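Residue numbering for the sequence shown follows UniProt numbering, beginning at 1 and increasing consecutively. Glycine is no exception: its CB is placed at the ideal position from the N, C-alpha and C atoms. Here the structure is a predicted model, which means the values were calculated and not measured. Comments concern the structure below.
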Amino acid sequence: MPTDTSFVLRYFDLIGRAEGARLLLTAGKANWTEEHPEWPAEKDKQPFKRLPVLVEKNGDDEWIICESPAIERYLARKFGFFPTDIKQAAEQEQMAEQQYDVVKAFFDKIMIPQEKLAKIGDGFDVLLDRMIEQHTKILEKNSHGYLFGDSLSYADISCYAFYKLFILYMPVYQQDIASVFTSKITPQISAFISFIESNPLLVSYVSKSESVAAAFWK
Ligand SMILES: N[C@@H](CCC(=O)N[C@@H](CS)C(=O)NCC(=O)O)C(=O)O
Numbered sequence: 001m002p003t004d005t006s007f008v009l010r011y012f013d014l015i016g017r018a019e020g021a022r023l024l025l026t027a028g029k030a031n032w033t034e035e036h037p038e039w040p041a042e043k044d045k046q047p048f049k050r051l052p053v054l055v056e057k058n059g060d061d062e063w064i065i066c067e068s069p070a071i072e073r074y075l076a077r078k079f080g081f082f083p084t085d086i087k088q089a090a091e092q093e094q095m096a097e098q099q100y101d102v103v104k105a106f107f108d109k110i111m112i113p114q115e116k117l118a119k120i121g122d123g124f125d126v127l128l129d130r131m132i133e134q135h136t137k138i139l140e141k142n143s144h145g146y147l148f149g150d151s152l153s154y155a156d157i158s159c160y161a162f163y164k165l166f167i168l169y170m171p172v173y174q175q176d177i178a179s180v181f182t183s184k185i186t187p188q189i190s191a192f193i194s195f196i197e198s199n200p201l202l203v204s205y206v207s208k209s210e211s212v213a214a215a216f217w218k
């Protein structure tokens, strides 16, 4: 990473949709800062009028990208956390997409009337159980502690950010959601969370923010 490249991540001062980007910037040892725009005063200044927004600065050049999955995948590629093999990359993306679906289903569940939800298809509880089963199976197959391969990847970061979101942030929307998660999480997933939090690239960031593993033992 050239030292004259720096990043500004604009988001609200909460976990939300920015955690994957924060973790990737940290793991990539990027020179980065975070801005918390005044809202809605600064809404119209954002390209898509929403956050997160990533600004990459290089000398006088400024490049801006929006949409959290695009931001995460850009950073993962830039810092070498994204597989170069396109099939392995697709497997990591499919996992991340399943996670986004669980997040969407959670908001559907708390916001859409129950009778309309039934018509949409599998809901939050079904998708969450399926996701947990999927994460557990993938972890069981790999003896290195990571989801794929023997080093930290985009999948690890997006999966860890997914559990962090639900355990440490979603209780603002549904008080008991963290305990729903901790009751469902398998030993493989809980070991994975601790393993990622102790990764040398992330450990100092984790010590400055709240630990998901510590939330299990509260
Ligand atoms: N698909 C977008 C969704 C962005 C989004 O919904 N951002 C919310 C915060 S999580 C926002 O900016 N809300 C304020 C607003 O819409 O005024 C992404 O993943 O980045």
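Excluding the 5 residues flanking it on each side, lysine 164 has same chain C-beta neighbours closer than 7 Å at Ile15, Glu19, Val212, in chain order.
Secondary structure note for phenylalanine 12: it is in no beta strand (DSSP E), with a DSSP letter that is neither H nor E. For aspartate 108, there is no enclosing beta strand (DSSP E); the residue is found in the alpha helix (DSSP H) stretching over 86-111. Within the model, the alpha-carbon separation for phenylalanine 12 versus leucine 51 is close to 8 Å. Residue list for ligand 1: Gly16, Arg17, Arg50, Leu51, Glu67, Ser68 (CB closer than 5 Å to any heavy atom, chain order).
Its chain contains Asp156, Tyr160, Leu202 as the residues whose beta carbon lies nearer than 7 Å to that of isoleucine 196, once the 5 sequence neighbours on both sides are disregarded; these appear in chain order. With a contact defined as Cβ atoms closer than 8 Å, phenylalanine 82 and alanine 90 miss out at about 11 Å.
In the DSSP annotation of this structure, lysine 57 is not part of any alpha helix (DSSP H); the continuous beta strand (DSSP E) holding it starts and ends at 53-58.
DSSP places aspartate 176 in the coil class of the three-state scheme, outside both helix and strand. When DSSP states are grouped into helix, strand and coil, aspartate 125 belongs to the helix group. When C-alpha distances from alanine 215 are compared across Ile185, Glu42, Gln99, the shortest belongs to Ile185. Scanning Ile112, Gly123, Ser190 for the CA closest to the CA of tyrosine 100 turns up Gly123. When DSSP states are grouped into helix, strand and coil, threonine 186 belongs to the coil group. Contact check for proline 47 and cysteine 66: beta-carbon distance about 5 Å, within the 8 Å limit, so the pair qualifies. Excluding residues up to 5 positions away in sequence, Phe7 lie with their Cβ nearer than 6 Å to the Cβ of alanine 30 in the same chain.
Excluding sequence positions up to five before and after serine 190, its CB lies within less than 8 Å of the CB of Ala213, Phe216, all in the same chain and listed in chain order. For glutamate 72, there is no enclosing beta strand (DSSP E); the residue is part of the alpha helix (DSSP H) that begins and ends at 68-78. Excluding residues up to 5 positions away in sequence, Asn58, Gly59 lie with their Cβ nearer than 8 Å to the Cβ of aspartate 4 in the same chain.
In this structure, the CA atom of aspartate 125 is about 45 Å from the CA atom of aspartate 61. Judged by DSSP secondary structure, glutamate 35 falls within the beta strand (DSSP E) whose first and last residues are 31-35.
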